[in-house]
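Colleague: Quick one: this structure, given as C-alpha cells, is what I'll be asking you about.
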Amino acid sequence: MAFLIAIFGLLIGTLAAHVAEAAMAKRALAKPACPFCTAPYRPLQWCATLAFLTGQGRCRQCGRYFRLPRLAAELFLALGWGLLVGLNGLNLRVAFAMLTLIPLAMIMVTDLEAKLVPNAIMLPAVGAIFILGILCGPALPTLKTWAWWHAPAGGLAGFIVLRLLVTLGVAVFGPGALGEGDITLATYAGMVVGFPLVIITLLLMIAYGGIGAAGVIIARKGSLRTAIPYGPFIVLGCATTLLWGPQILHWFLS
Ligand SMILES: [Zn+2]
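Under the working numbering, the first residue of the sequence shown is numbered 1360, with each subsequent residue one higher.
Shown next, in the form of C-alpha cells:
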C-alpha cells in the first residue's frame, strides 16, 4: 500500500515539478522540454527519476544533464507520501497531510534552481491552508484534538520568526541572505503543522540549515560567500514534523 502511494507520489511529484518550472518561468504549462535547448523530452524523460534510472538523464539534442531539483522534488513527494501512509495508514487526515506536501515539492524545484519562492505558488497555497486550517485544524496525520486557532497561530509564529531572521540575516550578511519568499514559506509551513509543533519545524529548519551551511563550507573549503537557498530547509523541517513531530516534541519535553 505505502509502496503504491509512493509511486503515485512520484507521478504527482513529476507533474508538480513541471508546474513549478512553468510558474517560475511565468509561462503556460507546456509539453516538457529541455531548459537549455528547448528540445522536447521523450515521455520517459518527463519524470526525472525514471529518466535517471533508465540512463536517459541527458538531453538527446544538447547532451546536458537534467536539472537535479526536479529529481529532488519527485523523490521528496514519493518518499513523503510513502512514509505518511506507511506510518499512519490512509484516511482523510493523512490525505490532507499528503496534499500539503505538494506546494512544498514545487518550492524544492524553484528554490534550488533559482532561489525563488514564487508568489504564484505560495499565495494560493497560503490562502487554502488558512481556510482549511481553521475548518479542519493543522494537517497532522495523528491529530485528535485541535482548536480553530492552532493552525493560524502556527502560521503567525513562522511569520514572526522568519521576519526576525530575515532582518537579522540582512543586517549581518547583507541583502540576499534570506528572502521575503522564505517568510511566506514559513507562514505556510507553520499553518500546516500548527501550534505548538511549529516550534519543532523551526528548530529542525535551523538544524538542517546549519548542517547544509556546514556542508557548503566544507565543499567550498571555508567560505560561505554565496547565499544558499533556505527554502528546502523549511520544507524538510515541515515534512519531518508531519511525519514525526509529536514524537520529537515528546522527546524534547521528557
Ligand atoms: Zn537540450
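Ideal Cβ positions, reconstructed from N, Cα and C, are used throughout, including at glycine.
Taking 6 Å as the cut-off, does the CB of Ala1545 come closer than this to any heavy atom belonging to ligand 1?
Modeller: No, Cβ of Ala1545 sits at least 6 Å from all heavy atoms of ligand 1.
Colleague: Please output, in chain order, the residues near ligand 1 using a CB cut-off of less than 6 Å to any non-hydrogen atom of the ligand.
Modeller: Taking each Cβ in turn, the ones that pass are Cys1393, Phe1395, Cys1396, Ala1398, Cys1418, Gln1420, Cys1421, Arg1423.
Colleague: Using the C-alpha atoms, what's the distance from Phe1362 back to Pro1473?
Modeller: Correcting the residue type first, residue 1473 is Ala in the shown sequence and not Pro. Near 32 Å, if we compare the C-alpha coordinates of Phe1362 and Ala1473.
Colleague: In or out: Gly1448 buried (at least 16 other Cβ within 10 Å) or exposed?
Modeller: Counting Cβ neighbours within 10 Å, Gly1448 comes out exposed, since fewer than 16 surround it.
Colleague: Can you check whether the CB of Pro1497 is closer than 7 Å to the CB of Ala1510?
Modeller: Yes.
Colleague: Could you give the residue range of the alpha helix (DSSP H) that holds Thr1560?
Modeller: Start and end: 1557–1578.
Colleague: Identify every run of the alpha helix (DSSP H) within the stretch 1483–1559, keeping only runs that are complete inside it and at least 4 residues long; order them along the chain.
Modeller: You should have 1509–1532, 1539–1552.
Colleague: Does the separation of the CB atoms of Leu1471 and Pro1588 fall below 7 Å?
Modeller: A contact, by the Cβ cut-off of 7 Å.
Colleague: CA-CA distance, Leu1523 and Ala1573?
Modeller: Cα-Cα distance, rounded: 22 Å.
Colleague: Classify Trp1614 as buried or exposed, calling it buried when 16 or more other Cβ atoms lie within 10 Å of its own Cβ.
Modeller: With the chain covering only 1360 through 1613, there is no way to say anything about residue 1614.
Colleague: Sorry if obvious, but does the Cβ on Ile1371 come closer than 6 Å to a heavy atom of ligand 2?
Modeller: Inclusion of ligand 2 in the displayed structure is not the case, the ligand content consisting of ligand 1 alone.
Colleague: Under the assumption that Leu1537 contacts Ile1466 (Cβ atoms under 8 Å), give the Cβ distance between them as a whole number of angstroms.
Modeller: Contact doesn't hold; Cβ gap of about 14 Å is too wide.
Colleague: What's the C-alpha gap between Leu1608 and Met1564?
Modeller: So the alpha carbons of these two residues sit roughly 15 Å apart.
Colleague: Can you find the residues in the same chain that come closer than 7 Å, C-beta to C-beta, to Leu1409, ignoring five residues on each side of it along the sequence?
Modeller: These residues qualify, in order along the chain: Leu1403.
Colleague: Hey, Leu1460 and Met1383: beta-carbon distance below 7 Å or not?
Modeller: The answer is no: Cβ separation not under 7 Å.
Colleague: Count the other CB atoms, across all protein chains shown, that sit within 10 Å of the CB of Trp1440; report buried if there are 16 or more and exposed otherwise.
Modeller: Looking at its Cβ environment, which holds 16 or more other Cβ atoms inside 10 Å, Trp1440 is buried.
Colleague: Find the nearest neighbour of Leu1521 within the set Thr1504, Met1457, Val1531, Glu1539, judged by alpha-carbon distance.
Modeller: Selected option, being the one with the closest Cα: Glu1539.
Colleague: Put Arg1429 into one of helix, strand or coil per three-state DSSP.
Modeller: It is helical.
Colleague: With DSSP collapsed to three states, give me the class of Pro1591.
Modeller: In the structure shown, Pro1591 sits in a helix (DSSP, three-state: H, G or I).
Colleague: Residues in its own chain within less than 6 Å of Cys1421 by CB, not counting five upstream and five downstream?
Modeller: Answer for Cys1421: Phe1395, Cys1396, listed in chain order.
Colleague: In the DSSP output, which residue or residues are listed as bridge partners for Tyr1424?
Modeller: Tyr1424 pairs with Arg1417.
Colleague: Using the C-alpha atoms, what's the distance from Cys1495 back to Ala1548?
Modeller: Distance between the alpha carbons of Ala1548 and Cys1495: 16 Å.
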